[in-house]
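Structure first, then comments.
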Amino acid sequence: MADHPEDRPPEEARLPEAGLPEAGLPENVRWLLSYYRTSEINGALFFGRVARAVRGPLVADVTHHFADESTHASLWTRCLSDLGLEPIKIGKAYQDQYLAAIGVPANLMEIMAITQVFERRVIGQYRLHLRHRDTHPAVRATIERIMLDERWHISYVSDALHDMEGRYGADTVAATLRRFAEADEEVYAKTLSEYADRMDFLTARYGR
Ligand SMILES: [Fe+2]
Ligand SMILES: [Fe+2]
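Position in the sequence shown (from 1) plus 5 gives the number in this note's numbering.
Next comes the structure, spelled out in structure tokens:
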């Protein structure tokens, strides 16, 4: 089983002094950080429900996962505050569209499969943000801190899915992951088209 990064320093120790928001783009940065914050809150609420219901060998990891997503929401709230920005109220988060696209997961295997797909999407989005050279140091430090946990989430969920192959069948697990990955592509494409004006700044200066 993957080790949780317990030995990391306190979160405050990693955050640099806050400075001005990312030059020229404070409103879109504020929106995106608020979107991340809402998404982490939704992740915590989702995993809180899973932690309350689950029994068996995954109970400790799933409960830790719930705590991690809560911490991530707190880190984004702190980051926004350090940048002098109030969080914007975001109506719906990424996960809300998942449930609309795939329905409510039918069992723990489906919960782990959708989590695997979602966590990969989160890490991809945070990596994209890190590649943006104008990213404020406080935002960069927050993403890097959160990614320590996100990597562990992918690792333990991947192990859990592997362990479930005996019960559900390797083919069923693989087919479920494929189905959810396709839904994720659709949801992400829809999100990009819906919020293009908000997120264009991340890619605008690259590839030239
Ligand atoms: Fe998270
Ligand atoms: Fe996560």
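All C-beta atoms in this analysis are idealised placements derived from N, C-alpha and C, irrespective of residue type, glycine included.
Helix or strand or just coil, what does DSSP make of residue i?
i      : result
GLY61  : coil
ALA72  : helix
PRO110 : coil
GLY96  : coil
GLU91  : coil
MET152 : helix
ARG145 : helix
ASP126 : A small fix is needed here, since residue 126 is Arg in this sequence, not Asp. ARG126 falls in the helix class under three-state DSSP.
ASP202 : helix
ASP139 : coil
LEU207 : helix
For the alpha helix (DSSP H) holding residue i, just list the boundary residues, first then last.
i      : result
LYS195 : 175-199
What does a CB cutoff of less than 8 Å around residue i pick up in its chain, not counting 5 residues either side in sequence?
i      : result
ARG172 : MET114
ILE128 : MET152, GLU155, ARG156, ILE159
GLU199 : none
VAL192 : TYR99, GLN102, TYR103, ALA106
Beta-carbon separation of residue i and residue j under 8 Å?
i      : j      : result
PHE51  : ILE107 : no
GLU74  : GLU45  : yes
ILE119 : TYR103 : yes
PHE123 : GLN100 : yes
PRO92  : THR82  : yes
LEU80  : ARG145 : no
MET117 : ALA165 : yes
LEU88  : HIS137 : no
GLN121 : SER86  : no
ASP205 : ARG126 : no
LEU197 : HIS134 : no
ARG203 : LEU37  : yes
CYS84  : ALA180 : no
VAL178 : GLU187 : no
Excluding the five sequence neighbours on either side, which residues of its own chain have a C-beta within less than 6 Å of the C-beta of residue i, listed in chain order?
i     : result
LEU90 : ARG35
ASP66 : TYR161
SER39 : PRO92, ILE93, ILE95
Is there at least one Cβ from chain B nearer than 8 Å to residue i's Cβ?
i     : result
PHE51 : Considering every chain present, this structure includes no chain B. It has just one protein chain.
Which same chain residues end up closer than 7 Å to residue i when comparing Cβ atoms and leaving out the 5 residues on each side of it in sequence?
i     : result
THR43 : ILE95, ALA98
ALA78 : ARG42, GLU45, ILE46, ALA49
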